[in-house]
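Chemist: Provided herewith is a single structure, encoded as structure tokens, for subsequent inquiry.
Protein chains in written order, with full-length UniProt numbering: chain A, 1 to 355; chain B, 1 to 355.
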């Protein structure tokens, strides 16, 4: 173990300064009511001893930790395998760093660890939380509610549209992309190319982003043959499996809209394996514009671009603004301005060779 | 903001139970000396109100958070780009989860954020820290010392061999691979193949792992032409740059030992670009046996295997064992057993097609 047995204590500072423990505590926590000569003596003792105030104690007073937790509702293996999360974290990290707030990423092996995450969030270690990749029936929102930490979600949470009935005064705040609109654009583009048997590789349908993209697909393909829809899981392997199913069921399909680029990359591999030319025989569109994936597929992928890094940055910005507002509310009640509200970012179709 | 205005307080519990605040506090913190009927009343009130004790307050008493910080001395972009870190985190995550301890990954944009990391570590939010990828003159060890948290390092820290002179009683504990021995095996293998102009693409020489691998190279190539050594940075792009330098300086080289697989993958690309056949013209060996990288290079990579996930697991295990020991020392002084000490894991040469 690497540690100092000799980390200076509050008592040592009090002894050095010749004042009481309570006086040191008041000075360290910035309280009023200590005479200037005493303040000076305490400050000198703090400096001489290299005393670091115990922030667990101090944060009981100030209630600020300058730290924000990030919770991704996926096992850590998935967090590191899918570049989507790295991009979102990049935006979050930049924004938190600009405000000198520490990014605290809480990793788990799976759902059975969420109670522990809830305890950490309730433990007074962070000012707020950024939570993303929630699934239907996810225990996390309930645990976060119990922990009582201000939270901004990445992606519209599944429980309902916008607010939780129990607490109308504290609406759920989230940042999302226009998943449904983006999906519509993709499928309209395929139809515009003259494709008539358009298939969809959906994401996991316990996530709102996957449901919204499927809804966008159905908005355009109103009477879609249900055999033209297969559920994937946002991974390349899931895209391969779904593409095989679709080809087996509907060998005459002439287009595929995949719910994300990783699934599309798997679909492209299977199409090549089965001797289908892209885009001549089957046109393919993904979602995300995840680089370098979308540029390095063969052929390069036409896809729906969402600004993932910007989503992360916005989540952090909304949370910090909310925390600041709370601080101001404590001080002067009526200058706090409007509370942060949810943001849905637009998407754009990026044309490459696959459709 | 998503939060509960109505999180029940200690005061509310005291009022409901008809006891003092101090009594509630003693019961919640498991202190002795409260009469059983009162304990029962407090417990019932806690349950009825759904009171969650403030762990910041409680941890002042128990000094346990069931959480361990992981600090990687690299910007977050690098953490997510290099699969080495994901593997080490996988081992750490598995081990911590098995002990119901929360993995708290503290991400940064760079060195200028380390003071903030130090504040978080000092803030009483974690029981200990796992720190890896330290660089020479890294401010982190000093900040960690100041924070006073038990720490295990991944990779031998650079400041000296094993102990810090100021605190002989608390030796530095680290987990490392036999970098020098592994490098010797690789270079001996190249020499055994009859190669005489063996080059080395080093890692960043402000890290002990890179220095040790270079030393291993020199152990075998005692009179190596200094032009046969180029410094990389453990990335594919760095490997490409170094390989170009080496070919420009020594077009007659017939083998390359790269300090890691990612650098070797870059070197292979440049060799192909310059029309050198591997292994016929130039034999190539990497370090790590990072999968799938080492298997997917063209040709597949001969490399020195180190068990990265196991290193992570061991780091976590040593830290938890040390924390447990400290707990027991507080109770009974002489049953604590030997303190954890550093571990250096063996490496093995894995032969594929490149050498």
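C-beta atoms are modelled at their ideal positions from N, C-alpha and C, and glycine is treated no differently.
Values in this document were obtained by computation on a predicted structure and should not be read as measured data.
Compute the Euclidean distance between the alpha carbons of residue 137 of chain A and residue 206 of chain B, then round it to the nearest angstrom.
Modeler: So the two alpha carbons sit approximately 48 angstroms from each other.
Chemist: So residue 231 of chain B is in the beta strand (DSSP E); what residue range does that whole segment cover?
Modeler: Here the beta strand (DSSP E) through residue 231 of chain B covers 229-231.
Chemist: Is the CB of residue 80 of chain A under 7 angstroms away from at least one CB in chain B?
Modeler: Chain B contact via Cβ: present.
Chemist: Hey, is residue 104 of chain B's beta-carbon within less than 7 angstroms of any beta-carbon in chain A?
Modeler: True, the Cβ-Cβ gap to chain A drops below 7 angstroms.
Chemist: On a Cα-Cα basis, can you pick out the residue from A/280, A/74 and A/95 that is closest to residue 117 of chain A?
Modeler: Out of A/280, A/74 and A/95, A/74 has the C-alpha closest to the C-alpha of residue 117 of chain A.
Chemist: With a cut-off of 8 angstroms, do at least 3 Cβ pairs link the stretch 190-199 of chain A to the stretch 278-286 of chain A?
Modeler: Yes, since at least three Cβ pairs between the stretch 190-199 of chain A and the stretch 278-286 of chain A fall closer than 8 angstroms, the two stretches touch.
Chemist: With residue 424 of chain A and residue 299 of chain A assumed to form a contact (beta carbons below 8 angstroms), what rounded beta-carbon distance in angstroms separates them?
Modeler: Chain A is shown only over 1 to 355; residue 424 of chain A falls outside these bounds and no answer can be derived.
Chemist: In this structure, how does DSSP classify residue 134 of chain B when only helix, strand and coil are distinguished?
Modeler: In this structure, residue 134 of chain B counts as coil in the three-state DSSP scheme.
Chemist: Closer than 6 angstroms by C-beta to residue 316 of chain A: which residues in its own chain qualify, once you throw out the five before and the five after it? Chain order, please.
Modeler: Cβ neighbours of residue 316 of chain A beyond the five flanking positions: 92, 95 and 96.
Chemist: Does DSSP classify residue 115 of chain B as helix, strand or coil?
Modeler: Residue state, collapsed to three classes: helix.
Chemist: Among B/149, B/220 and B/139, which has the Cα closest to the Cα of residue 126 of chain B?
Modeler: Closest by alpha carbon: B/149.
Chemist: Can you list, in chain order, the residues of its chain with a C-beta nearer than 7 angstroms to that of residue 120 of chain A? Leave out the 5 residues immediately preceding and following it.
Modeler: Cβ within range, chain order: 106.
Chemist: Under a CB-based cut-off of 7 angstroms, is residue 11 of chain A close to chain B?
Modeler: False, the Cβ-Cβ gap to chain B never drops below 7 angstroms.
Chemist: In whole angstroms, what is the alpha-carbon distance linking residue 101 of chain A and residue 114 of chain B?
Modeler: Rounded to whole angstroms, residue 101 of chain A to residue 114 of chain B spans 12 angstroms at the Cα level.
Chemist: For residue 156 of chain A, count neighbouring C-beta atoms within 10 Å of its own C-beta (all shown protein chains included) and say buried if the count is 16 or more, exposed if not.
Modeler: Residue 156 of chain A is buried by the Cβ-count criterion.
Chemist: On the DSSP bridge assignment, give the partners of residue 302 of chain B in chain order.
Modeler: Beta-bridge pairing links residue 302 of chain B to B/285.
Chemist: Would you mind working out which of B/341, B/293 and B/304 sits nearest residue 171 of chain B, comparing C-alpha positions?
Modeler: Of the candidates B/341, B/293 and B/304, the one whose C-alpha sits nearest the C-alpha of residue 171 of chain B is B/341.
Chemist: Can you look up residue 176 of chain B in the DSSP assignment and give me helix, strand or coil?
Modeler: Three-state result, residue 176 of chain B: strand.
Chemist: Using DSSP bridges, identify the partner residues of residue 128 of chain B.
Modeler: Per DSSP, B/68.
Chemist: Taking only beta carbons into account, state which residues of the stretch 175-186 of chain B come closer than 8 angstroms to chain A, listed in chain order.
Modeler: Within the stretch 175-186 of chain B, no residue qualifies.
Chemist: Run through DSSP, which three-state label would residue 107 of chain A get?
Modeler: Three-state result, residue 107 of chain A: strand.
Chemist: Consult DSSP for residue 23 of chain B and reduce its assignment to one of helix, strand or coil.
Modeler: In the structure shown, residue 23 of chain B sits in a helix (DSSP, three-state: H, G or I).
Chemist: Around the C-beta of residue 291 of chain A, are 16 or more other C-beta atoms found within 10 angstroms, so that it is buried, or is it exposed?
Modeler: With fewer than 16 other Cβ atoms within 10 Å, it is exposed.
Chemist: Could you tell me whether the Cβ of residue 67 of chain B comes closer than 7 angstroms to any Cβ of chain A?
Modeler: Yes, because at least one Cβ of chain A sits closer than 7 angstroms to the Cβ of residue 67 of chain B.
Chemist: Name the chain B residues whose beta carbon is nearer than 7 angstroms to that of residue 135 of chain A?
Modeler: Simply none; closest approach about 17 angstroms.
Chemist: Using a 10 Å radius around the Cβ and a threshold of 16 neighbouring Cβ atoms, would you call residue 348 of chain A buried or exposed?
Modeler: Flag for residue 348 of chain A reads exposed.
Chemist: Does the Cβ-Cβ distance between residue 305 of chain A and residue 289 of chain A come in under 7 angstroms?
Modeler: Yes, the Cβ-Cβ distance between residue 305 of chain A and residue 289 of chain A is below 7 angstroms.
Chemist: What number of angstroms, rounded off, separates the C-alpha of residue 229 of chain B from the C-alpha of residue 188 of chain B?
Modeler: Cα to Cα, the separation comes out at about 16 angstroms.
Chemist: Kindly list the residues whose CB is nearer than 7 angstroms to the CB of residue 274 of chain B, restricted to its own chain and excluding five residues on each side of it in sequence; keep chain order.
Modeler: These residues qualify, in order along the chain: 247.
Chemist: Comparing the C-beta of residue 86 of chain B with each C-beta of chain A, is any distance below 7 angstroms?
Modeler: Chain A, which has a Cβ nearer than 7 angstroms to the Cβ of residue 86 of chain B, makes this yes.
Chemist: Whole angstroms are fine: how far does the CA of residue 99 of chain A sit from the CA of residue 233 of chain A?
Modeler: Distance between the alpha carbons of residue 233 of chain A and residue 99 of chain A is about 35 angstroms.
Chemist: List, in order along the chain, the chain A residues whose C-beta lies closer than 9 angstroms to that of residue 120 of chain B?
Modeler: By Cβ distance, chain A contributes 55, 65, 66, 67, 102, 104 and 125.
Chemist: The alpha helix (DSSP H) spanning residue 257 of chain A covers which residue range?
Modeler: First-last for residue 257 of chain A: 255-258, but that is the beta strand (DSSP E), not the alpha helix (DSSP H).
Chemist: Look up residue 202 of chain A in the DSSP assignment and say whether it is helix, strand or coil.
Modeler: Three-state result, residue 202 of chain A: strand.
Chemist: Does residue 116 of chain A come within less than 7 angstroms of chain B when only Cβ atoms are used?
Modeler: Chain B, which has a Cβ nearer than 7 angstroms to the Cβ of residue 116 of chain A, makes this yes.
Chemist: Just the Cα atoms here: how many angstroms apart are residue 142 of chain A and residue 240 of chain A?
Modeler: Cα-Cα distance, rounded: 35 angstroms.
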